[in-house]
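A.B. asks: Sharing a structure here in structure tokens format.
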Amino acid sequence: MAPSTELTHTSARPRAGRTRRAAVAAVAVLTAAGLLSACSYGSKSEDKTSAKPAASGTKLSVDTVKIGYFANLTHGTALVGLKQGIIQQELGGTQIKTQVFNAGPAEIEALNAGSIDIGWIGPSPSINGYTQSGGKSLRIISGSASGGVKLVVNPAKINTLDDLKGKKIATPQLGNTQDVALLNYLAEKGYKVDPQTGDGDVKVLRTDNKVTPDAYKSGSIDGAWVPEPTASKLVTLGAKVLLNEKDVWPDKKFVITNLIVSQKFLKEHPDVVEAVLRGSVKTNAWIKANPAQAKDVANAQIKADAGNALDASILDPAWQDIDFIDDPLANTLQAEADHAVTAGLLKKPNLDGIYDLTLLNKVLKENNQPAVADAGLGTE
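See the structure below:
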């Protein structure tokens, strides 16, 4: 997604209107599944399907809604909302069928195939899925989480950001959200890195999150720009946090997880989508009111989905660094796409219409909360 020193995170500003939107050129992504993906930590298999027992109540316009998510802390809204039954309560007699994914491309493929209707997913696969379909596959309908990404390093080799030259830094996958962020940050600092090979002033190594801790222990990498809980796992192995990605974004906020829906399902079953959104908003409010309990609930769901819970030494700092919010932070999605273009991993995408926040804003209004903006990238 060739590095440039001109594009910075401070360029993440809301769009002024439709005129500026029209300047975005409509060109597809360089590759389909390999670029702009997201990875989970600790899942046992690529996907895992389970049916949640339906609550009593009136059935909506469909018998079952199929929901996808990752067994990741950054998908805490899904983890808590499903485990606590908050989302099911809003759906009444409509049953939930869940599918757990390890990577963004697999979830996008499932959405396109109709295997899931709605999913929690990262910004990069959302962009990829939308542009690959020519704007016909999905809509982003809500935010979910911000933050939870850090640059952690071996303190014996790296003490300051000026020590990065000549070092080996891991990211989860070529072109994924963290890979783009690191390439953009290095470009801002004047380092030159080939975006495809990762060779340059700093060696960028694409390493699966599940492998990164072992790579760190063996000395194969000197640090990693990774999401939680991988960052906190590395800290337990002796690494130190050199940079929290929050600190390079305006207002210390950037989208890490949002909620998407297939356009077909949104058109045919808006009542179901609205019910899931009500559950999502109520879940985020419950997490905010009960942070300690919510953390334990999320960990219990991770254990159920992935087979292993997170140790408190990893869980506690990781959970603390993630903000669960309804705002999709649309201006930061545009900035992340711009960074991918600048890094040479993505051609300029047309993101017009990627958001449809109509139902979310309806739910927020019902809950006496302010409306959220689509940064000029909405359907209206």
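The sequence shown begins at 170 in this note's numbering and counts up by one.
Don't be surprised by glycine CBs; every beta carbon is placed ideally from N, CA and C.
Output the distance between the C-alpha atoms of residue 290 and residue 273, rounded to the nearest integer angstrom.
C.D. replies: Walking along the sequence shown from the start, residue 290 turns up at place 121. Walking along the sequence shown from the start, residue 273 turns up at place 104. Whole-angstrom Cα-Cα distance: 7 Å.
A.B. asks: In whole angstroms, give me the CA-to-CA distance for residue 519 and residue 546.
C.D. replies: Position 350 of the sequence shown, counted from the start, is the residue given in the question as residue 519. Position 377 of the sequence shown, counted from the start, is the residue given in the question as residue 546. If I take the Cα positions, the gap works out to 9 Å.
A.B. asks: According to DSSP, is residue 268 helix, strand or coil?
C.D. replies: For the purposes of this step, residue 268 is identified with residue 99 of the sequence shown, where counting begins at 1. Reduced to three states, the DSSP call for residue 268 is strand.
A.B. asks: Do three or more CB pairs link the region 419–437 to the region 371–388 at distances below 8 Å?
C.D. replies: The region 419–437 is not in contact with the region 371–388.
A.B. asks: Go to residue 287, then tell me how far its beta strand (DSSP E) extends in each direction, as first and last residue.
C.D. replies: Here the question's residue 287 lines up with position 118 in the sequence shown. Here the beta strand (DSSP E) through residue 287 covers 287–290.
A.B. asks: Exposed or buried, which one is residue 534 when buried takes at least 16 other CB atoms within 10 Å?
C.D. replies: For this step, residue 534 is matched to residue 365 along the sequence shown. Result: exposed.
A.B. asks: Is residue 544 closer than 8 Å to residue 500 when the C-beta atoms are compared?
C.D. replies: Sequence index remark: in the sequence shown, residue 500 carries index 331 (1-based). Sequence index remark: in the sequence shown, residue 544 carries index 375 (1-based). It is a contact, given that the beta carbons lie within the stated cut-off.
A.B. asks: Is residue 352 near residue 341, with beta carbons less than 8 Å apart?
C.D. replies: Within the sequence shown, the letter at position 183 stands for residue 352. Within the sequence shown, the letter at position 172 stands for residue 341. No, the pair does not count as a contact, with Cβ atoms beyond the cut-off.
A.B. asks: Hey, out of 511, 452, 430, whose CA is closest to residue 526's CA?
C.D. replies: Residue 526 sits at position 357 when you count from the first residue of the sequence shown. Taking only the C-alpha atoms, the option nearest residue 526 is 430.
A.B. asks: For residue 188, does the three-state DSSP call read helix, strand or coil?
C.D. replies: Your numbering for residue 188 matches position 19 in the sequence shown. Legend: pLDDT at residue 188 = 36, less than 50; position of this residue unreliable, no value from coordinates given.
A.B. asks: Please go through the same chain and pick out, in chain order, the residues whose beta-carbon is closer than 6 Å to the beta-carbon of residue 537, but skip the five residues on each side of it.
C.D. replies: Along the sequence shown, one-based indexing puts residue 537 at 368. Excluding sequence neighbours, residue 537 sits near nothing in its chain.
A.B. asks: With DSSP run on the structure shown, which of helix, strand or coil describes residue 302?
C.D. replies: Position 133 of the sequence shown, counted from the start, is the residue given in the question as residue 302. Note: residue 302 maps to coil in three-state DSSP.
A.B. asks: DSSP three-state label for residue 341, please.
C.D. replies: Taking the sequence shown and counting its residues from 1, the one referred to as residue 341 is at position 172. Note: residue 341 maps to coil in three-state DSSP.
A.B. asks: Could you tell me the alpha carbon to alpha carbon distance between residue 496 and residue 539, rounded to whole angstroms?
C.D. replies: Along the sequence shown, read from residue 1 onward, the residue named residue 496 stands at position 327. Along the sequence shown, read from residue 1 onward, the residue named residue 539 stands at position 370. Cα to Cα, the separation comes out at about 10 Å.
A.B. asks: Residues in the same chain with beta-carbon distance under 8 Å from residue 491, minus the five sequence neighbours each way, listed in chain order, please.
C.D. replies: Position 322 of the sequence shown, counted from the first residue, corresponds to residue 491. Within the same chain, residue 491 has close Cβ partners 242, 243, 245, 314, 315, 316, 317, 397, 425.
A.B. asks: Grab me the residues of residue 122's own chain with a C-beta within less than 6 Å of its C-beta, minus the 5 sequence neighbours each way, in chain order.
C.D. replies: Residue 122 lies beyond the range of the chain shown here (170 to 549); nothing can be said about it.
A.B. asks: So what's residue 542 in DSSP terms, helix, strand or just coil?
C.D. replies: As a first step, residue 542 must be located in the sequence shown, where it is residue number 373. Looking at residue 542 - three-state DSSP - the assignment turns out to be coil, as it is neither helix nor strand.
A.B. asks: Can you tell me which of the three DSSP states residue 396 falls into?
C.D. replies: Along the sequence shown, read from residue 1 onward, the residue named residue 396 stands at position 227. Here residue 396 sits in strand by DSSP.
A.B. asks: Taking only runs of the beta strand (DSSP E) that begin and end inside the region 329–375, which ones reach a length of at least 3 residues, in chain order?
C.D. replies: Here the runs fully enclosed are 337–340, 372–375.
A.B. asks: What residue does the beta strand (DSSP E) around residue 411 start on, and which one ends it?
C.D. replies: Counted from its first residue, the sequence shown places residue 411 at position 242. Start and end: 409–413.
A.B. asks: Ignoring anything shorter than 4 residues, give me the alpha helix (DSSP H) runs that lie fully in the region 461–529, in order along the chain.
C.D. replies: List check, alpha helix (DSSP H) in window: 481–489, 499–511.
A.B. asks: Taking the straight line between their C-alpha atoms, what separation do you get for residue 457 and residue 346?
C.D. replies: Stepping through the sequence shown from its first residue, residue 457 is reached at position 288. Stepping through the sequence shown from its first residue, residue 346 is reached at position 177. When rounded, the distance between both Cα atoms is 25 Å.
A.B. asks: To the nearest angstrom, report how far apart residue 402 and residue 488 are at their CA atoms.
C.D. replies: Along the sequence shown, one-based indexing puts residue 402 at 233. Along the sequence shown, one-based indexing puts residue 488 at 319. Looking at the two C-alpha atoms, the distance is approximately 12 Å.
A.B. asks: Report the CB separation of residue 442 from residue 265 in whole angstroms; it is logged as a contact under 8 Å.
C.D. replies: Locating residue 442 in the sequence shown gives position 273, where the first residue counts as 1. Locating residue 265 in the sequence shown gives position 96, where the first residue counts as 1. Not confirmed; about 13 Å, so no contact.
A.B. asks: In chain order, what residues of the same chain lie with their CB nearer than 7 Å to the CB of residue 230, ignoring the 5 residues before and after it?
C.D. replies: By 1-based counting over the sequence shown, the position of residue 230 is 61. 438, 440, 441, listed in sequence order.
A.B. asks: Is the Cβ-Cβ distance between residue 255 and residue 451 less than 8 Å?
C.D. replies: Within the sequence shown, numbered from 1, the residue matching residue 255 stands at position 86. Within the sequence shown, numbered from 1, the residue matching residue 451 stands at position 282. In this structure, residue 451 lies closer than 8 Å to residue 255 by Cβ.
A.B. asks: According to DSSP, is residue 423 part of a helix, a strand, or is it coil?
C.D. replies: Here residue 423 corresponds to residue number 254 of the sequence shown, with the count starting at 1. Three-state DSSP puts residue 423 in coil, outside helix and strand.
A.B. asks: Can you find the residues in the same chain that come closer than 6 Å, C-beta to C-beta, to residue 415, ignoring five residues on each side of it along the sequence?
C.D. replies: One-based indexing of the sequence shown puts residue 415 at position 246. Only 316, 421 meet the Cβ criterion.
A.B. asks: For residue 337, which residues in the same chain have their Cβ closer than 6 Å to its Cβ, ignoring the five residues on either side in sequence?
C.D. replies: Counted from its first residue, the sequence shown places residue 337 at position 168. Answer for residue 337: 372, 374, 390, 391, listed in chain order.
A.B. asks: Among residues of its own chain, excluding the 5 on either side of residue 413, which ones have a beta-carbon nearer than 6 Å to its beta-carbon?
C.D. replies: One-based indexing of the sequence shown puts residue 413 at position 244. Once the five neighbours on either side are set aside, the close Cβ partners of residue 413 are 319.
A.B. asks: Measuring alpha carbon to alpha carbon, tell me which residue in 433, 299, 362 is nearest residue 503.
C.D. replies: Residue 503 sits at position 334 when you count from the first residue of the sequence shown. Comparing Cα positions, the closest option is 299.
A.B. asks: Give the secondary structure of residue 233 by DSSP, where H, G and I count as helix, E and B as strand, and everything else as coil.
C.D. replies: The residue you call residue 233 lines up with position 64 of the sequence shown. Looking at residue 233 - three-state DSSP - the assignment turns out to be strand.
A.B. asks: How big is the Cα-Cα spacing for residue 311 and residue 354?
C.D. replies: Residue numbering aside, residue 311 sits at position 142 when the sequence shown is read from its first letter. Residue numbering aside, residue 354 sits at position 185 when the sequence shown is read from its first letter. If I take the Cα positions, the gap works out to 27 Å.
A.B. asks: With 16 other CB atoms within 10 Å as the buried threshold, where does residue 448 fall?
C.D. replies: Start at 1 with the first residue of the sequence shown, and residue 448 comes out as number 279. With 16 or more other Cβ atoms within 10 Å, it is buried.
A.B. asks: Quick one: what's residue 283 bridged to in DSSP?
C.D. replies: Counting from 1 along the sequence shown, the entry for residue 283 is found at position 114. Answer by DSSP bridge pairing: none, since residue 283 is not bridged.
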